[in-house]
Structure formats: C-alpha cells, structure tokens
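Colleague: For the sequence shown, UniProt numbering gives the first residue as 1, with consecutive numbering after it.
C-beta: ideal position from N, C-alpha, C; glycine also.
Remember, it's a predicted structure, so these values are computed and weren't measured experimentally.
Input: one structure, supplied below.
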Amino acid sequence: MDREAKQQRPGRRQSMRDRHTRSTPGLGRKPPDGNLGHETQSQSRERPLSQRVVDACPRVPLCTGPNFDTMYSFAVLDLTCAATVVLPQTERYQILEVIDEEHWIPLIAAEPGRYELTKESVGSRFAFAFVRTRVNMQDPADLRLAAEVQDGIAVEQAEPGSYQQPLTYDMDEILALRKAYNERKGKEGVTSEMIFGKKGELSEEMRNFGVAVGWGGLPKEGAVYPFPDAVDSTDPHTLTLRDVPNHPRAFWSVTVYDEDGFARGGHYNVNSAFAKPDADGAFVIHFGGDQSQPNFLEIYPGWNVALRIYSPVGAYFDGSWTSPQLRRC
Numbered sequence: 001m002d003r004e005a006k007q008q009r010p011g012r013r014q015s016m017r018d019r020h021t022r023s024t025p026g027l028g029r030k031p032p033d034g035n036l037g038h039e040t041q042s043q044s045r046e047r048p049l050s051q052r053v054v055d056a057c058p059r060v061p062l063c064t065g066p067n068f069d070t071m072y073s074f075a076v077l078d079l080t081c082a083a084t085v086v087l088p089q090t091e092r093y094q095i096l097e098v099i100d101e102e103h104w105i106p107l108i109a110a111e112p113g114r115y116e117l118t119k120e121s122v123g124s125r126f127a128f129a130f131v132r133t134r135v136n137m138q139d140p141a142d143l144r145l146a147a148e149v150q151d152g153i154a155v156e157q158a159e160p161g162s163y164q165q166p167l168t169y170d171m172d173e174i175l176a177l178r179k180a181y182n183e184r185k186g187k188e189g190v191t192s193e194m195i196f197g198k199k200g201e202l203s204e205e206m207r208n209f210g211v212a213v214g215w216g217g218l219p220k221e222g223a224v225y226p227f228p229d230a231v232d233s234t235d236p237h238t239l240t241l242r243d244v245p246n247h248p249r250a251f252w253s254v255t256v257y258d259e260d261g262f263a264r265g266g267h268y269n270v271n272s273a274f275a276k277p278d279a280d281g282a283f284v285i286h287f288g289g290d291q292s293q294p295n296f297l298e299i300y301p302g303w304n305v306a307l308r309i310y311s312p313v314g315a316y317f318d319g320s321w322t323s324p325q326l327r328r329c
C-alpha cells in the first residue's frame with residue numbers, strides 16, 4: 001500500500017472514466033454506499049474490468065443510503081497482477097477506499113499519490129477500489145470541474161486479468177440477514193465508528209453490521225455517520241449544526257431517506273457547500289413545514305435522517321462536540 005512510486009514493468013495506464021452506459025456494475029459486487037446512479041458522459045476506452053464514473057441519482061435506486069455529496073470512480077481489480085491506483089494533485093476533497101472479497105477495508109487514502117495494491121496487501125485476489133470526489137450537485141460548473149478531476153484518476157496494471165465469481169449466495173437469506181442486522185443496530189447501540197475497518201481491527205460480527213447497514217461506508221478516519229434518533233411523526237422538525245468537526249478540506253451533509261433507504265422528492269439533501277447559516281453562524285436544517293425556509297428538506301411517513309461528517313477531527317472523537325438530535329417545531 002506504499003504511496004511511493006515502485007519499479008515495475010511497463011503496463012497499461014487507464015483513466016477510471018468509463019463509456020456512457022445505463023448498465024449496472026455486475027461482477028458479483030454490490031455498488032458503494034450510494035453514489036450509484038446516472039453516469040457521466042465520456043469516450044469509450046479500454047480499462048481493467050468494471051470502471052465507471054458516477055454520481056448519485058435518487059431516481060435510479062440501485063443501492064440503499066446513497067450520498068449526494070460526491071461523484072465516484074470505481075473498479076473491480078484482479079490482483080493476480082499488482083495494480084496501482086493514482087490519485088491526481090488537486091485541492092478538491094478526494095478519497096480512495098479499497099474493499100476486499102470479505103468486505104474488510106484494508107486501505108483508505110485521502111492524499112494525492114500512487115497506491116499499489118497486491119493480493120498480499122489487500123488480502124484477496126479481487127478488490128473493489130473506488131474514489132469519492134467532492135462535488136456541489138447544485139452547481140453545474142462545479143459538476144464539470146469535479147469531472148475534470150476524476151479524469152486524472154488512473155489505474156496502472158500490466159495485465160488486467162478477469163473476474164471469476166468465487167462464491168454463490170442465497171439472496172433471500174442475505175436480505176433476511178440484512179434486515180435483522182439493521183433492526184439490531186439501534187437496539188444494541190452500534191455506531192458507524194464500530195463497523196468499518198481493517199481485518200483484525202474489528203470483529204467479524206461488527207464487519208457484518210457494516211455490510212448490512214451501509215456497504216462501502218468509510219472507516220472512522222474517513223467519515224462518520226451519526227444518525228439522529230428516528231422520529232415517528234411527519235410534524236416539522238429541525239436539526240441545528242454548529243462547529244461541525246470536519247477537516248478544512250472536507251465537509252458535512254444531511255440527507256433524508258424513506259424507510260427503504262432511498263431519497264424522494266426534490267429536496268432531500270443539504271451539504272455544507274451550499275447550506276445557509278443563520279445570524280449566529282449555526283446551520284438550522286428544516287424538515288417539513290414551509291418550503292421557503294432555508295435548508296428545507298421534505299419529509300413523509302417513514303422518513304429518517306443521515307448526518308455525514310467527512311474526515312472528522314478530534315472534537316468528534318474526544319466528546320467535546322455532541323451530535324445534535326431532531327427537535328419538533
């Protein structure tokens with residue numbers, strides 16, 4: 001996982017931008033925690049296995065709990081031959097995450113550089129590698145700039161190999177397990193900091209929670225997901241955010257989902273890139289009620305809220321900052 005350039009025989013260097021297509025990524029892999037939606041236009045080009053550049057779209061519900069803050073570049077890699085993921089020089093927030101075949105997360109990296117992946121360093125022959133690139137979805141100019149940054153992401157690999165599905169699954173059993181873990185999460189006090197990480201850093205049971213609750217979620221060094229307590233009401237509510245403890249290059253967001261983990265309507269996400277503070281500098285997120293209110297989000301029966309803090313800093317972990325809860329208006 002060395003960031004430094006390594007000597008290796010010449011291979012293919014390929015952008016992670018894929019041809020425009022509506023097909024979903026197959027290869028026996030569930031897409032990342034959201035960010036699977038409509039794909040951006042680009043020229044067809046050869047690339048190792050499945051690589052696509054995508055941004056989240058609530059009208060294409062191909063995965064649960066999508067975020068609407070980043071665009072993703074991703075690839076399934078056959079590491080029979082070592083591969084190197086290259087992150088370009090940029091001031092824009094960007095983070096690489098690698099997931100092995102057993103859903104452990106052996107690597108996250110948020111700095112420009114070269115990251116070599118091998119079977120030994122990852123822990124399996126196949127790896128799912130994807131890069132989050134920050135974007136303001138409400139700004140067409142920023143969408144274009146983010147896409148340009150994505151074009152700088154590359155994979156270098158002498159031989160791309162091929163994918164072979166190693167296992168078969170009983171989908172009904174998988175869905176039942178996912179439901180059971182999601183029901184247990186709140187009752188057992190399981191938080192996002194406990195369920196994503198490297199093999200050996202957390203138990204298999206906690207790993208299973210991560211797979212069920214939010215496959216592809218980042219370990220706590222990359223992001224935390226402090227879900228406010230759910231409320232069984234469609235009365236208007238607010239959530240007030242002050243001094244959110246994220247790294248200066250990173251950001252926070254608030255998203256409303258339905259009971260199945262999908263976004264609805266036209267107002268479902270507020271991001272620190274465009275959220276409006278009040279006179280005291282606090283960000284008051286309004287759920288339901290008057291749509292003309294700043295930072296307004298729609299609610300409906302079965303709604304729930306996700307707060308995401310990317311690259312959290314010390315105040316989150318030492319308890320000096322407390323995650324806010326919903327308040328009825």
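Going straight from the alpha carbon of tyrosine 300 to that of valine 135, what length do you get?
Modeller: Rounded to the nearest angstrom, the two C-alpha atoms are 27 Å apart.
Colleague: With DSSP run on the structure shown, which of helix, strand or coil describes leucine 326?
Modeller: Leucine 326: coil per DSSP, three-state reduction.
Colleague: To the nearest angstrom, how far is it from the Cα of serine 203 to the Cα of aspartate 278?
Modeller: About 43 Å.
Colleague: Going by Cα to Cα distance, which pick from Met194, Phe227, Gly200 is closest to valine 211?
Modeller: The candidate whose alpha carbon is nearest that of valine 211 is Met194.
Colleague: Quick check: the Cα distance between glycine 281 and tyrosine 225, rounded to an integer number of angstroms?
Modeller: Rounded to whole angstroms, glycine 281 to tyrosine 225 spans 23 Å at the Cα level.
Colleague: Would leucine 307 pass as a contact of tyrosine 268 if the rule is Cβ separation under 8 Å?
Modeller: Cβ distance not < 8 Å, so leucine 307 and tyrosine 268 don't count as in contact.
Colleague: To the nearest angstrom, how far is the alpha carbon of alanine 315 from that of proline 245?
Modeller: So the alpha carbons of these two residues sit roughly 6 Å apart.
Colleague: According to the neighbour-count rule (16 or more other Cβ atoms, all chains shown, within 10 Å of its Cβ), is isoleucine 95 buried or exposed?
Modeller: Counting Cβ neighbours within 10 Å, isoleucine 95 comes out buried, since at least 16 surround it.
Colleague: Please report the distance separating the alpha-carbon of tyrosine 310 from that of valine 131.
Modeller: Cα to Cα, tyrosine 310 sits roughly 14 Å from valine 131.
Colleague: Here's the rule I'm using: 16 or more other beta-carbon atoms within 10 Å means buried, otherwise exposed. How should leucine 79 be labelled?
Modeller: The residue in question, leucine 79, is buried, as its Cβ has 16 or more Cβ neighbours within 10 Å.
Colleague: If you follow the alpha helix (DSSP H) that residue 358 is in, where does it begin and where does it stop?
Modeller: Because the chain spans 1 through 329 in this model, residue 358 falls outside it and cannot be assessed.
Colleague: Give the C-beta separation of phenylalanine 287 and proline 236 to the nearest angstrom, bearing in mind that I take them to be a contact with Cβ-Cβ under 8 Å.
Modeller: The pair is a contact, with the Cβ atoms about 6 Å apart (cut-off 8 Å).
Colleague: Going by DSSP, name the residue or residues bridged to proline 312.
Modeller: According to DSSP, which records beta bridges pairwise, proline 312 is partnered with Asn246.
Colleague: Does DSSP put glutamine 14 in a helix, a strand or coil?
Modeller: DSSP places glutamine 14 in strand when its eight states are reduced to three.
Colleague: How do the stretch 213-220 and the stretch 99-114 stand: do at least 3 beta-carbon pairs fall below 8 Å, yes or no?
Modeller: The stretch 213-220 is in contact with the stretch 99-114.
Colleague: Taking the beta carbon of lysine 179 as the centre, do at least 16 other beta carbons fall within 10 Å, making it buried, or is it exposed?
Modeller: Exposed.
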